[in-house]
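Colleague: Before I ask anything, let me first share the structure, which is written out below as structure tokens.
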Amino acid sequence: MSRSDDILKIHRLAHTGGSAVLLEWLAARLDAWTGVVDRQRALGAEPAVPPAAGPQPAVPEAALLGVAEMSARGARSAVVQSGEGAALLFALHDGRALACVRERPHHPDAATLLADAAVPLALVLRAEEAARREERAGLAEARAREAALHLLMNGRISTAHQVAEALGPSLPDPMRMYVVECPAGQRGEVARRCAELTGGRAWIVHCPVYVRHLIVLVPAGPAGAAADHDPLAGALVDVTRHCAVGVSGEAALREAPAAYGQAFHALAVARGRGERHARFGPGPELALAAHEAGAGWAGALLAPLDAYEPRRAQDPGPQELRATAHAWLEFTSHATRLLKIHRNTLATRLRLIEAVLGLDLARLADQAALSLALRLTRGAGDPYVPGPAPATGADLEADLDEVLRDPRLTDWARGHLRPLSGPEAPPDARATVRAWLDHDARLVPTAAALGISVPGARKRLTRIEALLERSLLQSPSARHDLWLAHRAEQLAG
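Just so it is clear: in the sequence shown, position 185 is 198 by my numbering, and no numbers are missing.
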């Protein structure tokens with residue numbers, strides 16, 4: 014093979030295969046150990062870039078001696094003899110050198126081949142390092158955006174603003190929240206298109222729970238914009254196949270948790286529509302309807318949690334326990350992805366929350382009560398209307414019933430459940446939902462109670478999702494609001 018052929022081969026391998034493939038070819042071409050040696054790690058070092066995948070032999074002593082000698086003398090190349098053989102070295106950059114060690118004498122053309130390979134190898138190493146730095150920077154930014162979203166969802170608005178200002182753009186207030194569902198490998202493309210369409214004003218986060226979701230906060234549009242015409246949602250749907258978009262109503266930043274729930278429920282509706290996008294339907298929010306009647310009850314229920322003092326400094330405090338409860342109520346077992354904790358840690362925290370509050374979180378009734386209480390209070394340490402000692406068990410249900418008897422809750426419940434009795438509702442809609450709620454939103458016992466198969470029960474609930482314009486089977490689910498609505502309607506008679 015001529016020198017020109019070797020040079021063409023070197024450049025082709027550097028361009029298409031990277032440094033590892035190029036070093037592997039050089040090792041085979043020269044029948045010798047070939048690798049990149051770093052002066053900073055010369056003592057007991059491995060090659061900075063190994064010649065092939067898998068376990069690698071230790072760096073030959075001659076290569077380590079050679080790179081140390083080159084660094085001390087400021088030389089660009091060196092030949093070093095040792096008991097292991099002869100080492101040929103050519104400087105690359107940052108104290109690195111391309112080294113070739115062979116027990117037998119080197120081929121006369123070995124030095125020329127290594128010299129020809131040094132420059133392309135140095136360039137490709139720099140490119141690979143730049144790509145790794147860019148990947149790390151992208152990951153760091155994604156984690157920071159996720160942290161800002163987490164702060165926002167837990168009411169830490171000021172801190173979320175500080176993180177957002179460092180990354181850009183600012184968090185929009187008021188805003189609409191979009192939940193975009195697309196193939197996991199195309200989230201980056203959808204995010205870029207969203208940034209283009211919004212002129213860089215959208216705050217875009219890869220959902221930490223669902224790998225196919227993007228969460229987007231967009232400045233609210235003009236008042237009175239048509240709910241059935243959302244140019245941004247339509248454009249995002251057009252980016253890729255199998256894309257669907259749910260859009261919240263206009264909301265302030267402090268209402269971000271409610272806006273996320275709205276967008277998620279709208280996404281459940283969008284999946285069944287031809288246009289593949291939907292905006293959250295009209296209707297009063299439960300927290301708004303229940304605030305006056307339920308704020309005191311909620312504060313009393315959560316008072317033991319807010320006053321809880323961990324035994325050890327590393328144990329979760331009230332704010333972490335609140336965040337854990339909220340994440341689990343929203344995402345069940347997927348809360349581990351949001352909170353970045355092990356499933357055993359989640360289970361331990363939930364047992365602690367149950368013990369502190371006197372709840373049984375296996376019961377949908379207790380889940381619904383805790384969900385409502387968390388929505389009616391902003392965070393640990395918030396003032397609440399003083400009342401009797403915190404209730405548990407039957408007393409808890411009795412106190413919650415007093416809240417649900419409020420006429421504003423009755424009106425909310427009837428409006429919430431009205432689609433189940435409307436002209437478009439299947440005749441079994443109410444019975445299906447009632448059975449599902451009575452069995453703690455579990456499909457298997459629900460199907461048995463209805464005398465149908467589990468897939469049959471799932472299909473019924475899927476149809477009811479479209480009817481209510483709420484997600485039921487995928488978290489965050491409307492099961493807690495449905496339970497509260499049914500209980501309020503039952504109490505109203």
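Even glycine gets a Cβ: it sits at the ideal position worked out from N, Cα and C. Please read these numbers as outputs of a predicted model, since none were measured by experiment.
1) Select from Ala153, Leu504 and Ala375 the residue whose C-alpha is nearest the C-alpha of Leu417.
2) Determine contact between the region 274–287 and the region 255–264, defined as no fewer than three beta-carbon pairs at a distance below 8 Å.
3) What residues in its chain sit with their C-beta under 7 Å from that of Ala283, if we drop five residues either side in the sequence?
4) Using the rule of at least 16 other Cβ atoms within 10 Å of the residue's Cβ for burial, across every protein chain shown, is Ala215 buried or exposed?
5) Taking 8 Å as the cut-off, does the region 316–323 touch the region 196–207 (at least 3 CB pairs, one atom from each stretch)?
6) In this structure, what does DSSP give as the bridge partners for Ile228?
7) Going by DSSP in three states, Cys207 sits in which element: helix, strand or coil?
8) For Gly108 and Val114, what's the separation of their Cα atoms in angstroms?
9) Is the beta carbon of Val50 closer than 9 Å to that of Ala99?
10) Would DSSP call Leu101 helix, strand or coil?
11) What do you reckon, are the CB atoms on Ser95 and Glu82 nearer than 9 Å?
12) Assign Gly57 to one of three DSSP states: helix, strand, or coil.
13) Which of helix, strand or coil does DSSP assign to Val9?
14) Answer with buried or exposed for Asp379, where buried requires no fewer than 16 other C-beta atoms within 10 angstroms of its C-beta.
15) For Leu456, which of helix, strand or coil comes out of DSSP?
16) Tell me which residues share the same chain as Ala501 and place their Cβ nearer than 8 Å to its Cβ, disregarding the 5 neighbours each side in the sequence.
17) What's the C-alpha gap between Pro329 and Ala338?
18) Could you tell me whether the Cβ atoms of Leu497 and Ala381 are closer together than 9 Å?
19) Count the other C-beta atoms from every protein chain shown that fall within 10 angstroms of the C-beta of Arg364, then say buried if there are 16 or more, exposed otherwise.
20) Please determine if the region 451–459 and the region 431–441 are in contact, where contact requires at least 3 C-beta pairs separated by less than 8 Å.
21) Give the range of the beta strand (DSSP E) segment to which His290 is assigned.
22) To the nearest angstrom, report how far apart Pro244 and Arg205 are at their CA atoms.
23) Give every residue of the same chain whose Cβ lies closer than 6 Å to the Cβ of Glu116, excluding the five residues on either side of it in the sequence, and list them in chain order.
24) Specify whether the region 137–150 and the region 119–126 touch according to this definition: at least 3 beta carbon pairs, one from each stretch, less than 8 Å apart.
25) Among the candidates Leu162, Leu127 and Ala157, whose CA atom is the shortest distance from the CA of Ser90?
26) Would you tell me roughly how many angstroms separate the C-alpha atoms of Pro440 and Ser484, rounded to the nearest one?
27) Considering only C-alpha positions, which residue in the set His429, Gly213, Ser171 and Ala448 is nearest to Leu510?
28) Under a three-way DSSP split, which group does Thr47 fall into?
29) Just list the residues that DSSP pairs Cys113 with in beta bridges.
30) State the Cα-Cα distance for the pair Leu342 and Pro432, rounded to the nearest angstrom.
31) Hey, how far is the Cα of Ile20 from the Cα of Asn167?
32) Looking at the structure shown, is Leu316 part of a helix, part of a strand, or coil, going by DSSP?
33) How big is the Cα-Cα spacing for Val176 and Leu266?
34) How long is the line joining the alpha carbons of Cys220 and Ile228, rounded to whole angstroms?
Modeller: Looking at the atomic coordinates:
1) The residue with the shortest Cα to Cα distance from Leu417 is Leu504.
2) Contact between the region 274–287 and the region 255–264 is present, with at least three C-beta pairs closer than 8 Å.
3) Taken in chain order, the residues that qualify are Ala257, Val258, Gly259, Arg289, His290 and Ala291.
4) By the 10 Å Cβ count, Ala215 comes out buried.
5) They do not touch, by the three-pair rule.
6) For Ile228, which the question treats as bridged, DSSP gives the partners Val192 and Val218.
7) DSSP places Cys207 in helix when its eight states are reduced to three.
8) Rounded to the nearest angstrom, the two C-alpha atoms are 18 Å apart.
9) In this structure, Ala99 keeps its C-beta atom at 9 Å or more from the C-beta atom of Val50.
10) Collapsing the DSSP output to three states places Leu101 in a strand.
11) With a cutoff of 9 Å on beta-carbon distance, Ser95 and Glu82 are scored as not near each other.
12) Only weak support is given to the placement of Gly57: the predicted model assigns it a pLDDT of 34, under 50, and the question is left unresolved by the model.
13) Since the displayed the chain opens at 14 and closes at 506, residue 9 lies outside it and no answer follows.
14) The residue in question, Asp379, is buried, as its Cβ has 16 or more Cβ neighbours within 10 Å.
15) DSSP places Leu456 in helix when its eight states are reduced to three.
16) Only Leu417, Arg418, Leu422, Thr423, Trp425 and Ala426 meet the Cβ criterion.
17) Each residue's Cα considered, the two are about 12 Å apart.
18) Yes, they are a contact pair.
19) Classification of Arg364: exposed, given that the 10 Å Cβ count is below 16.
20) Using a Cβ-Cβ distance cut-off of 8 Å, the region 451–459 and the region 431–441 are not in contact, since fewer than three pairs of beta carbons, one from each stretch, lie closer than that value.
21) Element bounds for His290: His290 to Arg292.
22) A straight-line Cα-Cα distance of about 16 Å links Pro244 and Arg205.
23) Answer for Glu116: Gly98, listed in chain order.
24) Three or more beta-carbon pairs separated by less than 8 Å are not found between the region 137–150 and the region 119–126, which leaves the two stretches without contact.
25) The residue with the shortest Cα to Cα distance from Ser90 is Leu127.
26) Distance from the CA atom of Pro440 to the CA atom of Ser484, rounded to whole angstroms, is 20 Å.
27) There is simply no residue 510 to check, as the chain begins at 14 and stops at 506 in what is shown.
28) Secondary structure at Thr47: strand, using DSSP grouped into helix, strand and coil.
29) Beta-bridge analysis with DSSP links Cys113 to Thr47 and Leu101.
30) Annotation: Leu342 to Pro432 spans about 25 Å, alpha carbon to alpha carbon.
31) Per the coordinates, the alpha-carbon of Ile20 lies some 59 Å from the alpha-carbon of Asn167.
32) According to the sequence displayed, residue 316 carries Ala and not Leu. Secondary structure of Ala316 (DSSP, three-state): helix.
33) Rounded to the nearest angstrom, the two C-alpha atoms are 14 Å apart.
34) If I take the Cα positions, the gap works out to 6 Å.
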